[in-house]
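Count along the sequence shown starting at 1, add 11, and that's the number in the numbering used here.
Virtual Cβ for every residue (Gly too), placed ideally from N, Cα, C.
Each remark here refers to the structure printed beneath this line.
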Amino acid sequence: MIDLRSDTVTRPTEAMRKAMAQAEVGDDVYEEDPTINRLQELAAELMGKEAALFVPTGTMGNLVALLAHCERGQEILLGDNSHVFYYEVGGASVVGGLAFHTLPNDRFGMIDPAMVAGAIRTPDIHFAQTGLLCLENTHNRAGGTVLSKEQIDQLCQVAHDRDVPVHLDGARIFNAASFLELPVAQLVENLDSVQFCLSKGLAAPAGSIVVGNRNFIAKARKMRKMLGGGMRQAGVLAAAGIIALTEMTQRLEEDHYNARRFAQSLAWIDGFDLDLETVQTNIVAVNLNEKTGTAAEWVAKLKDNGILAGAAGPRRLRFVFHNDVDRAGLEKALSTISNLAS
Ligand SMILES: Cc1ncc(COP(=O)(O)O)c(C=O)c1O
12 MIDLRSDTVT RPTEAMRKAM AQAEVGDDVY EEDPTINRLQ ELAAELMGKE
62 AALFVPTGTM GNLVALLAHC ERGQEILLGD NSHVFYYEVG GASVVGGLAF
112 HTLPNDRFGM IDPAMVAGAI RTPDIHFAQT GLLCLENTHN RAGGTVLSKE
162 QIDQLCQVAH DRDVPVHLDG ARIFNAASFL ELPVAQLVEN LDSVQFCLSK
212 GLAAPAGSIV VGNRNFIAKA RKMRKMLGGG MRQAGVLAAA GIIALTEMTQ
262 RLEEDHYNAR RFAQSLAWID GFDLDLETVQ TNIVAVNLNE KTGTAAEWVA
312 KLKDNGILAG AAGPRRLRFV FHNDVDRAGL EKALSTISNL AS
């Protein structure tokens with residue numbers, strides 16, 4: 012099977028498995044796990060922030076960040092196609108008493124700065140207060156598209172001018188940095204906090220990191236405990252996370268190359284509609300027309316022929332490139348799809 016459903020399906024590398032077996036561990040709720048401490052220091056340094064916190068998942072990373080930034084009854088501004096709004100079970104509302112105020116994402120996952128300015132609440136007895144602006148880079152539902160540093164900075168300025176902090180769901184921030192050919196610290200310079208995943212394109216078996224200033228991370232640590240995310244001897248996981256950060260970020264451009272080649276070839280197939288401008292990193296979204304069939308039909312047909320793909324909508328297929336799909340896998344996927352489409 013060639014598994015193109017997501018980069019979350021990546022398995023830990025041999026180097027990760029070895030490091031995991033040898034990891035020095037301690038109780039992380041007492042902040043005594045040396046491997047987690049090393050991962051957190053490394054992550055904070057790479058991202059240019061004061062402190063970092065290891066969390067089990069991206070979803071928990073975003074949730075602890077939202078809870079640490081906001082008070083109950085506040086409102087979060089975020090894109091209507093954002094992962095936090097779309098796929099995180101409304102956690103911020105359920106657990107934190109926070110309201111989502113969505114703004115339209117354009118096809119690259121950008122939000123209009125003027126709309127953000129207009130949506131930030133003024134002091135008024137009738138209004139919930141704006142507690143946070145939440146961005147996403149790369150943007151999952153837009154198809155792995157990238158916000159530039161200038162776009163992020165523009166949105167940060169609008170929010171910061173009104174004393175609203177900005178959090179980034181940077182699950183795939185290293186894909187964005189690789190596309191932009193920028194050091195990741197520079198890209199996230201003006202953001203107050205960032206969540207990024209170790210377990211997607213970076214191939215660790217589990218784990219995400221939240222970064223920000225020391226005070227924010229202290230609050231996030233408490234929120235993580237409240238959510239049941241205090242993990243004890245999780246240095247065995249952090250050991251893989253260290254390899255993810257030191258050895259796996261440089262190879263993401265290979266996934267981007269494969270995604271681009273795949274998309275450019277599929278675009279020639281009749282009935283496969285691709286927006287090639289949005290194929291910037293490791294995700295390829297394909298829209299199907301009435302004649303081509305539904306995404307569910309194609310997912311089943313592809314599975315029967317050894318290819319796993321995702322359905323991102325009734326007529327939208329999603330293919331994600333990652334460490335466990337090499338050039339031979341890419342070519343096989345392409346020839347299988349061409350044969351099925353003809
Ligand atoms: C943009 C984005 N944010 C957050 C997450 C959540 O990560 P996790 O699956 O580790 O909870 C994902 C997962 O796919 C994602 O794509």
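Query                                                                                                        : Result
Cβ-heavy atom distance, T305 to ligand 1, below 7 Å                                                          : no
Opening and closing residue of the alpha helix (DSSP H) in which Q165 lies                                   : K160 to H171
Contact check, N334 vs R272, beta carbons under 8 Å                                                          : no
Three-state class that DSSP yields for D335 in the structure shown                                           : coil
Inside the region 214 to 249 only - alpha helix (DSSP H) runs reaching at least 4 residues                   : 225 to 237
For C208, the nearest candidate out of T19, D14, L15 and I13 (CA to CA)                                      : T19
Span separating the alpha-carbon of I228 from that of K314                                                   : 43 Å
Three-way DSSP call (helix, strand, coil) for I87 in this model                                              : strand
Per-residue DSSP class, three states only, for A323                                                          : strand
Length of the line joining the Cα atoms of M58 and F138                                                      : 35 Å
heavy atom of ligand 1 below 7 Å from D174 C-beta                                                            : no
Exposure label - Q197; buried when at least 16 CB within 10 Å                                                : exposed
Start and end residues, beta strand (DSSP E) containing I142                                                 : The sequence given here places Gly at residue 142; Ile does not occur at that position. Run containing G142: T141 to E147, per the beta strand (DSSP E) assignment.
Beta strand (DSSP E) runs contained entirely in the region 96 to 126, provided each spans 3 or more residues : 110 to 114
Separation of G108 from V5, as counted between CA atoms                                                      : The requested residue 5 does not occur in the structure, where the chain is confined to residues 12 to 353.
Residues that DSSP places opposite H150 in a beta bridge                                                     : T156
Contact shell at 5 Å, judged by CB to any heavy atom of ligand 1, ordered along the chain                    : T68, G69, T70, H94, N151, D180 and A182
P45 and G246 closer than 8 Å at C-beta                                                                       : yes
Backbone secondary structure at I13 - three-state DSSP                                                       : strand
Euclidean distance between Cα positions of A311 and L146                                                     : 34 Å
Segment limits, beta strand (DSSP E) that includes N316                                                      : Run containing N316: none; DSSP gives neither H nor E here.
Cross-strand partners of C208 (DSSP beta bridge)                                                             : S219
The region 222 to 239 touching the region 62 to 76, judged by at least three CB pairs closer than 8 Å        : yes
Where R262 sits in the DSSP three-state scheme                                                               : helix
Secondary structure of D18, DSSP reduced to three states                                                     : helix
Buried versus exposed call for W279 [16 or more other C-beta atoms within 10 Å across all chains shown]      : exposed
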